[in-house]
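Asker: Quick one: this structure, given as C-alpha cells, is what I'll be asking you about.
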C-alpha cells in the first residue's frame with residue numbers, strides 16, 4: 098500500500114455504480130478498452146489476453162471476482178493495468194476512474210484474505226461514504242490459483258514476460 102506517514106493514496110474506480118479504492122502505486126496505466134482474446138480452457142474469471150502497444154496482459158474479470166452482474170465490454174470501459182508488488186502485470190475492465198484521494202490510514206479496516214478468493218483487502222470508512230479496497234495482489238493470486246486448476250496451460254508470449262501461472 099502506498100502510505101505517506103499515516104495516509105494512503107488511492108485511486109477510486111466505479112463498477113456498477115459502486116466505488117472501490119485501489120492503491121495508486123499498483124496502477125501501471127489506464128486506457129480505453131481494447132479487444133481481448135479468450136484463452137481456451139481458462140476459467141470464467143479470466144476474460145483473456147489483451148495486446149496493449151505490443152505488450153500482452155492477462156485480463157481478469159473483476160466483476161465475477163466481486164460477485165457483480167456480468168456486463169458486455171463496451172468502448173466506454175477502461176482498461177486498468179496493474180503492476181502488483183508480486184507477480185506479473187495484468188488488467189481489469191472498469192466503468193470509470195473517478196478520483197485520486199489521500200485517506201488517513203486510521204479509516205482503513207483491514208480484511209483478512211479468505212478462501213473465497215475475494216480481492217477485497219479492506220474497507221474505507223468515511224464520513225459521507227464507505228467503500229472497499231481492492232488488492233491487485235489478491236486478484237493476481239486468485240488468477241494464479243484458477244489457472245493452475247484449469248484444463249489448459251496458460252498461453253506464453255515472447256513479447257511479454259507472462260509468468261507461468263500454473
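Residue numbers (my numbering): 98 to 263.
Virtual Cβ for every residue (Gly too), placed ideally from N, Cα, C.
In this text the structure is predicted, and so the values were computed from the model without any measurement.
Take the Cβ of residue 225 as the centre, count every other Cβ of all protein chains shown within 10 Å, and call the residue buried at 16 or more, exposed below.
Answerer: The residue is exposed, with fewer than 16 neighbouring Cβ atoms inside 10 Å.
Asker: With residue 124 and residue 191 assumed to form a contact (beta carbons below 8 Å), what rounded beta-carbon distance in angstroms separates them?
Answerer: Not really, about 11 Å apart at Cβ, beyond 8 Å.
Asker: Nearest-angstrom Cα distance between residue 251 and residue 104?
Answerer: Confidence at residue 251 is low in this model, with a pLDDT of 46, below 50, so its placement is unreliable and no value can be given for it.
Asker: Which same chain residues, not among the five before or five after residue 141, have their C-beta less than 8 Å away from its C-beta?
Answerer: The residues are 158, 161.
Asker: Mapping the DSSP letters down to three states, classify residue 112 as helix, strand or coil.
Answerer: Correct three-state label for residue 112: strand.
Asker: Under 8 Å Cβ to Cβ from residue 255, same chain only, skipping five residues before and after it: list those, please.
Answerer: Reliability fails at residue 255, whose pLDDT of 34 lies under 50, so the model's placement of it is uncertain and the value that follows must be treated cautiously. Closer than 8 Å at the Cβ level, and outside the excluded window around residue 255, lies no residue.
Asker: Relative to the C-alpha of residue 106, which candidate in 204, 164, 244, 184 has its C-alpha closest?
Answerer: Checking every option, the nearest Cα to that of residue 106 belongs to 204.
Asker: Please classify residue 243: does DSSP put it in a helix, a strand, or coil?
Answerer: Helix, per DSSP.
Asker: Considering only C-alpha positions, which residue in the set 113, 111, 118, 126 is nearest to residue 232?
Answerer: Checking every option, the nearest Cα to that of residue 232 belongs to 118.
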